[in-house]
Amino acid sequence: MPIRLDERLTLIASLVDYGKVADVGCDHGKLAYYLVSTDRASSVIATDVSAPSLQKAKELALENGVMDVMNTRLGDGLEPLVSREVDTVVIAGLGGDVISGILEKAREDKKEFAHFILSPNTHAEKVRAEIARCGHKITFDDMLVVAGKTYTVFKTEESEEALDKNQIRYGKFFKTSESFKAWIEKEIAEKKNILSKNYSEDLSRKVKDLEDIKSTLE
Ligand SMILES: C[S@@+](CC[C@H](N)C(=O)[O-])C[C@H]1O[C@@H](n2cnc3c(N)ncnc32)[C@H](O)[C@@H]1O
45 MPIRLDERLT
55 LIASLVDYGK
65 VADVGCDHGK
75 LAYYLVSTDR
85 ASSVIATDVS
95 APSLQKAKEL
105 ALENGVMDVM
115 NTRLGDGLEP
125 LVSREVDTVV
135 IAGLGGDVIS
145 GILEKAREDK
155 KEFAHFILSP
165 NTHAEKVRAE
175 IARCGHKITF
185 DDMLVVAGKT
195 YTVFKTEESE
205 EALDKNQIRY
215 GKFFKTSESF
225 KAWIEKEIAE
235 KKNILSKNYS
245 EDLSRKVKDL
255 EDIKSTLE
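If you read the sequence shown in the working numbering, its first letter stands for residue 45, the second for the next number, and so on.
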């Protein structure tokens, strides 16, 4: 059965460079199934901490006869995987606190992987900071707004790098990112609108900070 992914999962799938993949927090399993059924990955281990969620992924694999290349495993974060068992670990659709916690635990357990594709729906800055601590560098970092919700999508590879505080906060490539430019313009306009009705020193300072950042964009 062919499957269509939404815009966010389509972007994530496009960042996979074949090989063995793990989809951590797979829920419905659509990404894992898409990757194996379109030959974008040689195999996928789909994991989830919730048994009912994992069951949906298992049924999708069973119904479509791809159990040989799409395994399912129950467990928290990267616990169901051993170090370097896959080439790419995808963790998408979770909060940045949870994703950075999963990466931190893997670092403590000395689990290593060549690439991460990460898509937090909150606290992208926490994920960026943890990526650097894991000995990875960011090769893709962009924002995606779907139905009013902002997602950040990262791809990483093993390498050292130091990001400055604005890159951690706004994105490695924020100075040249069209989506960041659109985001900051919207943020400034919304905050100015609030200020015009209800002045606050704190909000006024935030607008000034955002305008300073906007003035550095290329
Ligand atoms: C909103 S869904 C995202 C599904 C899919 N990855 C996507 O992006 O569409 C979040 C899934 O992550 C799972 N999850 C939450 N915390 C987790 C953890 N620590 N380890 C593994 N899975 C987790 C949840 O059970 C749920 O199925």
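For each residue, glycine too, the CB sits at the ideal point set by N, CA and C. Nothing here was measured: the structure is a model prediction, and the numbers come from that model.
Query	Result
Gly-69 CB to nearest heavy atom of ligand 1 below 8 Å	yes
Stretch pair the stretch 173 to 190 + the stretch 205 to 212: three plus CB contacts closer than 8 Å	yes
Buried or exposed by the 16-neighbour rule on C-beta atoms within 10 Å, applied to Glu-169	buried
Anticipated Cβ contact below 8 Å, Ser-127 with Lys-154, distance rounded	7 Å
Residues sharing a beta bridge with Pro-164, DSSP	Leu-138
Supposed close pair Asn-108, Ser-81 - CB separation, criterion 8 Å	7 Å
Sufficient close CB pairs (3 or more, under 8 Å) joining the stretch 130 to 146 to the stretch 110 to 119	no
Whole-Å CB distance - Val-251 paired with Ile-228, under 8 Å assumed	Rounded, the Cβ-Cβ distance is 11 Å, inconsistent with contact.
First and last residue of the uninterrupted beta strand (DSSP E) at Val-189	180 to 190
DSSP state of Leu-47 mapped onto helix, strand, coil	The question names Leu, yet the displayed sequence has Ile at residue 47. The answer is coil: DSSP assigns Ile-47 none of H, G, I, E or B.
Lys-193, buried or exposed, once every other Cβ within 10 Å from all chains shown has been counted against 16	exposed
Arg-52 CB to nearest heavy atom of ligand 1 below 8 Å	yes
beta-carbon Thr-194 near ligand 1 non-hydrogen atom, thresh 8 Å	no
Assigned secondary structure, Lys-64 (DSSP; H/G/I helix, E/B strand, else coil)	strand
Closest Cα partner of Asp-112 within the set Gly-137, Glu-123, Asp-256 and Lys-64	Lys-64
Alpha-carbon to alpha-carbon, Ala-226 and Glu-262	13 Å
heavy atom of ligand 1 below 8 Å from Leu-106 C-beta	no
Start and end residues, alpha helix (DSSP H) containing Ser-240	222 to 241
CA-to-CA distance, Arg-172 to Ser-94, given in whole angstroms	26 Å
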